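Asker:
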Amino acid sequence: MTVGRRDDIAYSILLITPVLLYASIGANPLYTGSGYLVAVPAAVFVLGLIIRTPALFLTGTTAAAVATLLIYMNIMASLDHPEGLFGLGHVFSMPGMLVGAAASAWLLRYRVKASLPWIVAGVGFLGTALGFTVAQMVVCNTLMYCGPLSIGV
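Everything in the sequence shown is counted per the working numbering, starting at 26 for the first residue and increasing by one.
#1: Whose C-beta lies closer than 6 Å to the C-beta of residue 36 among residues of the same chain, with five residues either side of it excluded?
#2: What do you get for residue 126, buried or exposed, if any count of 16 or more other CB atoms within 10 angstroms of its CB means buried?
#3: Once the 5 residues before and after residue 90 are set aside, which same chain residues still bring their CB inside 6 Å of it?
#4: Heavy atom of the ligand NAD less than 6 Å from the Cβ of residue 122, yes or no?
#5: Alpha carbon to alpha carbon, how far is residue 100 from residue 32? Give it in angstroms, no decimals.
#6: Classify residue 123 as buried or exposed, calling it buried when 16 or more other Cβ atoms lie within 10 Å of its own Cβ.
#7: Are three or more beta carbon pairs between the segment 93 to 113 and the segment 48 to 66 nearer than 8 Å?
#8: Assess, as a yes-or-no matter, whether the segment 110 to 117 is touched by the segment 157 to 171 under the definition of 3 or more beta carbon pairs within less than 8 Å.
#9: Looking at the structure shown, is residue 47 part of a helix, part of a strand, or coil, going by DSSP?
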């Protein structure tokens, strides 16, 4: 069975649905507004739709966006005293996530000839996560204090 673009969109929507349900109950552990929890995966999803990426790229980038939110929520839950501005580190690292997704889409289109859809999903996931991580390191170590994510402070 081959995986097509329609399947990729369905898988991405399935990844966004639990975040949408979580945001709809009013839970907001990042103190950024419940719409932000849906906007993060939706932003990389729409970017992938605009660029017209291969099958399962949207799934990989959406999974990376959801993973960053879950990691932040886990860190906030593990703190003794939750910091209200901790979520700003994620907000200011979102452009890096989008640049990483766009760079990995460009790489798949012009440089790497990936034939297996799961390799495409992996490249999308890694590119998005790497872009977010680099932006996170720059933001949290130069511009603002991000609690446990800031190094050497």
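Ideal Cβ positions, reconstructed from N, Cα and C, are used throughout, including at glycine. As the structure is a prediction and not an experimental result, all values here were calculated from the model.
Answerer: Taking the geometry as given:
#1: 84
#2: buried
#3: 65, 66 and 69
#4: Among the components modelled here there is no ligand, and therefore nothing to report on the ligand NAD.
#5: 32 Å
#6: buried
#7: yes
#8: yes
#9: helix
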